Amino acid sequence: DGGITQSPKYLFRKEGQNVTLSCEQNLNHDAMYWYRQDPGQGLRLIYYSQIVNDFQKGDIAEGYSVSREKKESFPLTVTSAQKNPTAFYLCASRQNGRYSYEQYFGPGTRLTVT
Amino acid sequence: GDSVTQMEGPVTLSEEAFLTINCTYTATGYPSLFWYVQYPGEGLQLLLKATKADDKGSNKGFEATYRKETTSFHLEKGSVQVSDSAVYFCALSVPQTSGSRLTFGEGTQLTVNP
């Protein structure tokens, strides 16, 4: 089955520690995205990547970093510089092309920092 | 910038009632429009989409029509079920702009009572 996997589903960290969230897709999609969701709010874009070895900042990139060394993988690191990291993080992917294809989402990782 | 406005929630209905969730947008280009659904603790699933004016997206009894003149994409269902209880997000994407990122509304929580 093709899809997007995110691991782990729940993640707990102490304040001041960096943490990396995994996102893998086997849909052969070129573009991948990271979103943050806070309770009662819509999704906000953190970073996106349209091709391997290239990525762009979204609306709330401060305190986050990403890499795109492989087409299938787009890990997100939440650094200690992120002021309020506790949130639900969603990864998505999309097929590149002339028209706007829909994005497919993973199941999400809920990060709690105390 | 691009933005999406959804009707304020939460919405509570009885089973078999008619559902409308309003969505309006502003966009700098010619957007594609989407409705996503999120069940508790899960990622987002694409419900339906429309890519040009007057297109009607439909899926699982839900419908929405792309109205360019009123910049709207209202979600409707003739008879809701308890299993439709979820959060619904309206979103837009302008092709070839900013990685064809999705811009989301804040979401509308729907609860359907038996």
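First to last, the protein sequences are chains H and S. So for the first sequence, my numbering puts the first residue at 1; every next one is plus one. So for the second sequence, my numbering puts the first residue at 1001; every next one is plus one. Every residue gets a Cβ at the ideal spot worked out from N, C-alpha and C, and that includes glycine. Quantities reported herein were computed from a predicted structural model and do not represent experimental measurements.
Problem set entry | Cβ of residue 102 of chain H within 8 Å of any chain S Cβ | yes
For this session: Using a Cβ-Cβ cut-off of less than 9 Å, list which residues of the segment 1029–1062 of chain S approach chain H; keep chain order.
Result: 1031, 1032, 1034, 1036, 1038, 1041, 1042, 1043, 1044, 1045, 1046, 1049 and 1051
For this session: Give the interface partners of residue 1102 of chain S over in chain H, defined as CB-CB distance under 7 Å, in chain order.
Result: Going along chain H in sequence order, the residues near residue 1102 of chain S (Cβ under 7 Å) are 103.
Exercise. Does the Cβ-Cβ distance between residue 31 of chain H and residue 1099 of chain S come in under 8 Å?
Worked result: yes
Exercise. When burial is assigned at 16 or more other CB atoms within 10 Å of the CB, is residue 102 of chain H buried or exposed?
Worked result: buried
Problem set entry | Residue-chain proximity (residue 31 of chain H, chain S), Cβ-Cβ < 8 Å | yes
For this session: Please name the residue or residues paired with residue 1113 of chain S in a DSSP beta bridge.
Result: S:1014
Exercise. What are the boundary residues of the beta strand (DSSP E) that includes residue 1081 of chain S?
Worked result: Residue 1081 of chain S -> no beta strand (DSSP E), and no H or E assigned at all.
Problem set entry | Straight-line Cα distance separating residue 112 of chain H from residue 1054 of chain S | 43 Å
Exercise. Of all the CB atoms in chain H, is at least one closer than 8 Å to the CB of residue 1069 of chain S?
Worked result: no
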